[in-house]
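The next block holds one structure in the form of structure tokens; read it before the comments.
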Amino acid sequence: MAYDDPKTPFLPVNDRSQPSSPPPPPFSLKSMATLKNFCILLGPLLCAVICLCVTFDGPTTSRNMLAVTAWVFAWWLTEAVPMPITSIAPLFLFPLFGIASADGVARSYMDDVVTLLLGSFMLVLAVERYNVHRRLALNITLRFCGEPVSPPFLLLGICATTAFVSMWMHNVACAVMMMPVATGILQRLPVNPTDGSARAATPINNFCRAVVLGVTYAAPIGGMSTLTGTGVNLILAAIWKSSFPEAKPISFNTWFFFGFPLALLIFLALWVILCLLYLSKGSSMALAAYLDKAHLKRELDILGPMAFAEKMVLAVFGTTIALWMTRSITEDIPGWGALFHGRAGDGTVSVMVATLLFILPNGKQKGEKLMDWNECKKLPWNIILLLGAGFAIADGMQSSGLADILSKALDFLEQVPYIAIAPVVCLISAIITEFITSNDAAATLVVPLLSQMARTVNVHPLALMVPGAIGSQLAFMLPTGTPPNIVGFTTGHIDIMDMMKTGLLLKIVGTAIVSLLMPTLGAYVFGTKGGLQ
């Protein structure tokens with residue numbers, strides 16, 4: 001319904017000329033006995049059981065917080081209630097259970113990190129609107145194709161382009177946009193050749209599998225590089241800021257210095273795994289007859305010369321990245337943020353450039369701007385509300401005293417060395433994402449608990465929170481693990497065994513890389529040596 005049209009009534013008027021719909025079936029208790037209704041009741045039941053049966057030495061609000069957390073997580077894990085609706089449940093549960101006031105919990109849903117996400121999504125929508133991502137992808141891939149075609153380097157170009165685009169927009173949007181680009185390249189290849197060349201069939205099929213798997217996995221890997229590349233990174237930054245307000249926040253710049261090397265190593269591991277598993281020595285000869293630079297050039301010619309609107313979006317995009325990178329550089333070089341005495345954050349930049357999109361002209365029609373509000377109706381509010389819920393739960397655990405109680409319950413881990421805990425934390429997060437819930441929900445569930453566990457084992461909280469957050473993004477084995485996995489699986493070029501085989505190797509290598517980088521590079525970037533100052 002066009003609610004923006006003033007002539008359209010907000011409530012529809014019944015048209016008596018239309019035939020009436022058949023009467024609904026009679027109500028019965030048996031019709032309510034469904035699995036979904038049971039899952040809906042599971043949340044309040046768990047909450048009631050904890051309130052009646054669990055006692056803590058601390059205040060009653062800590063018990064209530066545990067009960068509310070069980071309620072919310074039960075709905076998140078079962079998806080009995082839509083995730084965005086579950087994400088706003090703390091707005092009424094916290095006041096009713098005496099955990100926080102209505103105003104207090106509402107403030108958790110709007111923070112600098114949330115505004116960073118809002119502005120970034122608006123910029124992504126502008127990139128999508130003018131096909132900037134497609135032009136960028138074709139130009140970069142064209143330079144990697146080679147003549148004659150080199151399958152490993154063409155695969156590297158496609159995957160590297162996907163990872164680069166995913167650095168600056170949400171990985172789900174990146175996978176949705178880049179998969180048609182990749183499959184468009186593959187359309188020239190005969191998956192089942194009919195010319196009697198049976199020898200060429202396997203290399204071509206394997207190359208198709210490698211490309212689809214590469215795009216599928218490069219999207220979440222590229223998103224690890226930047227704070228805005230995936231919701232998990234933002235959730236980590238939000239929970240860190242909420243749990244330790246006196247500590248230095250995780251800025252865009254800080255995360256990039258750790259996330260980019262991490263993502264680069266995992267990406268190179270992905271490329272090597274795909275080359276070893278799917279690209280044989282005969283791949284180049286098999287592909288040479290069907291794939292060359294001419295196809296990519298034709299795709300680029302269809303887009304035509306770069307329009308004024310595309311140049312403006314690229315300019316705004318580049319300005320945003322430059323401002324993010326230079327707001328806070330080092331201790332000795334403070335960056336432009338020092339001019340505002342630390343009051344400006346990454347969200348300030350994000351919202352400012354998003355506002356420019358509604359001011360700058362697009363050069364198509366007089367008075368028409370780069371963006372209009374109708375485009376912003378596509379904003380993923382589910383992710384934004386989930387991020388707010390992560391803030392609320394982290395705040396609630398601190399204010400209720402539950403965080404201290406959970407920390408004491410983990411005393412037995414004090415004797416376990418960190419080198420053994422970090423990989424386990426990473427794998428547990430990955431398994432939760434793979435088999436139970438989304439990576440955003442897994443990070444919201446696990447990261448606050450890890451911040452308390454870190455206090456117990458006498459390590460810096462980020463030394464466990466970061467592996468836990470990264471681990472939730474290593475769900476590569478099942479189609480249902482993450483939305484990019486579903487995007488790749490639905491192309492028809494890969495099956496579950498391809499994902500299991502490649503995903504397992506990538507998960508093991510990714511876990512090892514995180515476990516090695518965190519106590520080395522992570523200690524330098526995040527200052528995790530010697531615990532929290």
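Every letter in the sequence shown is one number past the one before it in full-length UniProt numbering, and letter 273, counting from 1, is 273. Backbone N, C-alpha and C fix where the C-beta goes; we use that ideal spot for every residue, glycine too.
- Going by beta carbons, Thr228 and Ser350 fall inside the 9 Å limit.
- In this structure, Ser251 lies away from Gly390, with their beta-carbon atoms at least 9 Å apart.
- The criterion of a C-beta distance shorter than 9 Å is not satisfied by Ala67 and Val81.
- Linking Ser429 to Gly259 through their CA atoms gives a straight-line distance of about 18 Å.
- Going by beta carbons, Asn171 and Pro484 fall inside the 9 Å limit.
- Between Ser87 and Asn362, the CB-CB gap reaches or exceeds 9 Å.
- For the segment 289-320, not one full-length beta strand (DSSP E) segment reaches 3 residues or more.
- When only Cα atoms are considered, His133 and Val165 end up about 7 Å apart.
- Considering only Pro448, Pro245, Met371, Thr162, the residue with the shortest C-alpha distance to Ile221 is Thr162.
- Distance from the CA of His341 to the CA of Phe244, rounded to the nearest whole angstrom, comes to 21 Å.
- Each of Ala89, Leu270, Leu236 was checked against the Cα of Ala106, and the nearest Cα belongs to Ala89.
- The three-state reading of DSSP puts Pro361 in strand, counting E and B together.
- Counting the other CB atoms within 10 Å of its CB gives Asn439 a total of 16 or more, which places it among the buried residues.
- Burial check for Phe92: the Cβ neighbour count within 10 Å stays below 16, so the residue is exposed.
- A distance below 6 Å between beta-carbons, with the five flanking residues on each side excluded, links Leu462 to the following residues of its chain, in chain order: Phe526, Thr528.
- Just so you know, the alpha carbons of Tyr524 and Met224 end up roughly 18 Å apart.
- Counting the other CB atoms within 10 Å of its CB gives Ala469 a total of 16 or more, which places it among the buried residues.
- Beta-bridge partners assigned by DSSP to Lys378: none are found.
- Per DSSP, the continuous alpha helix (DSSP H) segment holding Leu42 begins and ends at 35-53.
- Counting only the Cα atoms, Ala286 lies some 10 Å from Ser280.
- At a Cβ-Cβ threshold of 9 Å, Met178 and Val149 do not count as neighbours.
- Between Lys378 and Val124, the alpha-carbon positions lie close to 11 Å from each other.
- Rounded to the nearest angstrom, the gap between the Cα atoms of Thr491 and Val212 is 8 Å.
- Partner residues in the beta bridge of Lys369, as assigned by DSSP, are Pro361.
- With fewer than 16 other CB atoms across the displayed protein chains lying within 10 angstroms of its CB, Asn374 is exposed.
- Rounded to whole angstroms, the separation of the alpha carbons of Ile486 and Glu128 is 21 Å.
- In the structure shown, the three-state DSSP call for Thr69 is helix.
- The beta carbon of Ile513 lies closer than 8 Å to those of Leu262, Leu265, Ile266, Ala269 in the same chain, with the five residues before and after it left out.
- By alpha-carbon distance to Val113, the top candidate from Ile185, Val232, Cys39, Met83 is Val232.
- In the structure shown, Asn131 adopts coil according to DSSP, grouped into three states.
- The criterion of a C-beta distance shorter than 9 Å is not satisfied by Leu52 and Ala74.
- Taking a C-beta distance under 9 Å as the contact criterion, Pro203 and Ser283 qualify as a contact pair.
- Pairing Ser472 with Ala454 gives a Cβ-Cβ distance that is not under 9 Å.
- The alpha-carbon of Gly396 is positioned some 50 Å away from that of Pro152.
- Spatial neighbours of Leu138 in its own chain (CB-CB distance under 8 Å, excluding positions within 5 residues in sequence) are listed in chain order as Val181, Leu296, Glu299, Leu300, Leu303.
- Shown here, Ala106 sits in a helix according to DSSP, grouped into three states.
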